[in-house]
Amino acid sequence: MAAPLSVWPWEKLGIFKYLFYGPLVAKAIYSQIHQEGNFMIDWCLHILIICALRGLVHIFWSSFVNMLFLTSNRRINQQGYDFKQIDNEWNWDNFILLQAIIASIACYIFPTFIENVPVWNTKGFITILILHVGMSEPLYYWVHRCFHESYPFTHYHSLHHSSHVLHPFTGATATFLEHLVLTMIIGIPITGSYMMGYGSRAVVYGYILAFDFLRCLGHSNVEIVSHRLFEIFPFFRYLLYTPSYHSLHHSEMGTNFCLFMPVFDAIWNTLNANSWELHNQISSHAGKKERVPDFVFLAHAVDVSSSMHAPFVNRAIASFPYTAVSVMLPFWPVSFMVLLAMWAKAKTFMLSFYNLKGRLHATWVVPRTGFQYFLPFAQEGINKHIEEAILRADRDGVKVISLAALNKNEALNGGGTLFVNKHPKLRVRVVHGNTLTAAVILNEIHKDVKEVFLTGATSKLGRAIALYLCQRRVRVLMLTLSTERFQNVQKEAPLDCQSYLVQVTKYQAARNCKNWIVGKWITPREQSWAPKGTHFHQFVVPPILSFRRDCTYGDLAAMRLPEDVQGLGCCEYTMERGVVHACHAGGVVHLLEGWTHHEVGAIDVDRIDLVWNAALKHGLKPVSSVNKQKSM
Numbered sequence: 001m002a003a004p005l006s007v008w009p010w011e012k013l014g015i016f017k018y019l020f021y022g023p024l025v026a027k028a029i030y031s032q033i034h035q036e037g038n039f040m041i042d043w044c045l046h047i048l049i050i051c052a053l054r055g056l057v058h059i060f061w062s063s064f065v066n067m068l069f070l071t072s073n074r075r076i077n078q079q080g081y082d083f084k085q086i087d088n089e090w091n092w093d094n095f096i097l098l099q100a101i102i103a104s105i106a107c108y109i110f111p112t113f114i115e116n117v118p119v120w121n122t123k124g125f126i127t128i129l130i131l132h133v134g135m136s137e138p139l140y141y142w143v144h145r146c147f148h149e150s151y152p153f154t155h156y157h158s159l160h161h162s163s164h165v166l167h168p169f170t171g172a173t174a175t176f177l178e179h180l181v182l183t184m185i186i187g188i189p190i191t192g193s194y195m196m197g198y199g200s201r202a203v204v205y206g207y208i209l210a211f212d213f214l215r216c217l218g219h220s221n222v223e224i225v226s227h228r229l230f231e232i233f234p235f236f237r238y239l240l241y242t243p244s245y246h247s248l249h250h251s252e253m254g255t256n257f258c259l260f261m262p263v264f265d266a267i268w269n270t271l272n273a274n275s276w277e278l279h280n281q282i283s284s285h286a287g288k289k290e291r292v293p294d295f296v297f298l299a300h301a302v303d304v305s306s307s308m309h310a311p312f313v314n315r316a317i318a319s320f321p322y323t324a325v326s327v328m329l330p331f332w333p334v335s336f337m338v339l340l341a342m343w344a345k346a347k348t349f350m351l352s353f354y355n356l357k358g359r360l361h362a363t364w365v366v367p368r369t370g371f372q373y374f375l376p377f378a379q380e381g382i383n384k385h386i387e388e389a390i391l392r393a394d395r396d397g398v399k400v401i402s403l404a405a406l407n408k409n410e411a412l413n414g415g416g417t418l419f420v421n422k423h424p425k426l427r428v429r430v431v432h433g434n435t436l437t438a439a440v441i442l443n444e445i446h447k448d449v450k451e452v453f454l455t456g457a458t459s460k461l462g463r464a465i466a467l468y469l470c471q472r473r474v475r476v477l478m479l480t481l482s483t484e485r486f487q488n489v490q491k492e493a494p495l496d497c498q499s500y501l502v503q504v505t506k507y508q509a510a511r512n513c514k515n516w517i518v519g520k521w522i523t524p525r526e527q528s529w530a531p532k533g534t535h536f537h538q539f540v541v542p543p544i545l546s547f548r549r550d551c552t553y554g555d556l557a558a559m560r561l562p563e564d565v566q567g568l569g570c571c572e573y574t575m576e577r578g579v580v581h582a583c584h585a586g587g588v589v590h591l592l593e594g595w596t597h598h599e600v601g602a603i604d605v606d607r608i609d610l611v612w613n614a615a616l617k618h619g620l621k622p623v624s625s626v627n628k629q630k631s632m
């Protein structure tokens, strides 16, 4: 049974907890419509505005700390935020709702405190500062120490310390009792200034938002306070804590208990001896080269909407597979303008990273969206961005860089061949990962299948799939209008297998074939030629529409990363948690195996089984139910 006041009263309500804001919204609307009050004294409206601003403070801080292209060399803890921590901090905004309810009750009981209160009162700021330093800071210090005693820590405070990597939402994540106490600590200076007659609206707004800002600062895991500040003003280090200072409290919990001012740790002898050294070390190295990843997956946005599926935009949304979320639609114009600026100026930037088997794996993003890859005049610029990313990876010492989706388009750069031929002395291995993609698709096909229908048959993947299957004595109906391209593929097959490759030019030819491998987007009308019970395997982006209810549809080729992956906290496009596209997984295998060749251009059919077995050996698992059974 949970300890008293450790569980939030609305914990089981989920998203319906926001209905508690309903009375405030209704009262604010009613007051404005019926002019019972003006904006200046409508306390319901002010409470709602403050709640919105507090949420924005935390969200903006969250966005900032997840901008790895700005903060990666300032991070204190180099691990990433994993799904467990994100879920654990999901209800971080509970404290805003709690304090809104308490503020509403206080305003209802003591309405005279808010009537005729000025917008600004200089004495109020001085008073609230004195009350904060003289009462809130020491009170928080001793309450915090009490929560670190055995019983309170186990039943109340351990939730806050369960997050291994500090984040602005970590500072807001605590039990109901803890936030009741914190509300009292925040309320002392505000109430005191009002009781002394020095209250003002600016005092309330300023103190509450500054309080949240400093809480986010301490839990940001990004050191932004310069060590030079403390060198010029040595005593200032006792007046304002830093992210590195507070991080020591989470790694060595018997030290650094202060709210914002380390002077109280110094007074009561709980100041960590490494506080200033750690701050100086991290701050002085800021701006220098960060830790170099061993592996880079070079991705790109699919469209404007999917570009918002990034941790620095919204960590919560990015932790689930991409789907069009209505709450993000108002930000579409902003996202589009940012993309325009990035298209014009920005270079490749880091989006996310994770650790696997002691190796740092990073995702870099080319600032281009999918449709641009099909514009002839844009191809040169895109290739320039990809080339710059490869050369940057080579300079930094990256071992493997894997090209995602259209970054390895055959018409664009020959599946990466362009860069390898242009720079023959590259130390970084360039990998398209399509060998594992082909392996995933082929291992979905049952061994007893005798015939398949293949669209996109002469593409890079289509060619490899056709050649592999014909060697298994599977008849492959290759849909292509180009006899020359078909014959080029057929000539690559062994003589005794060439008869298993059959050119077809219409979808009607597959009306009796129940295994379709889709490498080119097909319309619902074209799907209608498939017989009942057909299974659509696919390697086409975006996936085809699931039009036929009497047929089944396979997922895009993907693999689940091993269980020991660390710091993975965002989903790769539409993939589930912990699942990556097969081409991404192919680059991972290339690194883990220590292969020294480039994997560019045409797929080596003889290596398909080798790459597949290597992936399974390193703990990567197939996603489809067919493959799951085979890997057991």
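According to UniProt numbering, the residues represented by the sequence shown are 1 to 632, in order. We put the CB at the ideal spot given by N, CA and C, even for glycine.
Item, Value
"Beta-carbon proximity list for residue 185, same chain, < 8 Å, skipping 5 on both sides", "136, 139, 140, 143 and 259"
"Residue 473 in three-state terms, based on DSSP", "coil"
"Residue 312 burial status per 10 Å Cβ neighbour count (16 or more: buried)", "buried"
"Three-state secondary structure assigned by DSSP to residue 74", "coil"
"Exposed unless 16 or more other CB atoms sit within 10 angstroms - verdict on residue 460", "buried"
"Residue 361 and residue 353 closer than 9 Å at C-beta", "yes"
"Cβ pair count under 8 Å reaching 3, the region 609–620 against the region 379–396", "no"
"Identity of the residue in 318, 163 and 11 nearest residue 305 by Cα", "318"
"Separation of residue 492 from residue 467, as counted between CA atoms", "8 Å"
"DSSP state of residue 291 mapped onto helix, strand, coil", "coil"
"Own chain partners of residue 99 with C-beta closer than 7 Å, once the 5 adjacent residues on each side are dropped", "183"
"Distance CB(residue 5)-CB(residue 180) smaller than 9 Å", "yes"
"The alpha helix (DSSP H) enclosing residue 276, as first and last residue numbers", "275–285"
"For residue 556 and residue 536, believed in contact at Cβ under 8 Å, the rounded distance", "Contact doesn't hold; Cβ gap of about 11 Å is too wide."
"Sufficient close CB pairs (3 or more, under 8 Å) joining the region 426–439 to the region 580–587", "yes"
"Contact check, residue 559 vs residue 431, beta carbons under 9 Å", "no"
"Counterpart residues of residue 401 in DSSP-defined beta bridges", "296 and 430"
"Buried versus exposed, by CB contacts within 10 Å (16 or more), residue 481", "exposed"
"Bridge partner(s) assigned by DSSP for residue 621", "560"
"Identity of the residue in 277, 8, 243 and 46 nearest residue 31 by Cα", "46"
"Residue 130 versus residue 97 - alpha carbon distance", "27 Å"
"Coil, strand or helix - residue 449 by DSSP", "coil"
"Neighbour-count burial assignment, residue 479, 16 or more Cβ in a 10 Å radius", "buried"
"Backbone secondary structure at residue 534 - three-state DSSP", "coil"
"Which listed residue (201, 127 and 532) has its alpha carbon closest to that of residue 119", "201"
"Among 292, 9 and 330, nearest to residue 175 - alpha-carbon criterion", "9"
"Cα-Cα separation between residue 402 and residue 501, rounded to whole angstroms", "31 Å"
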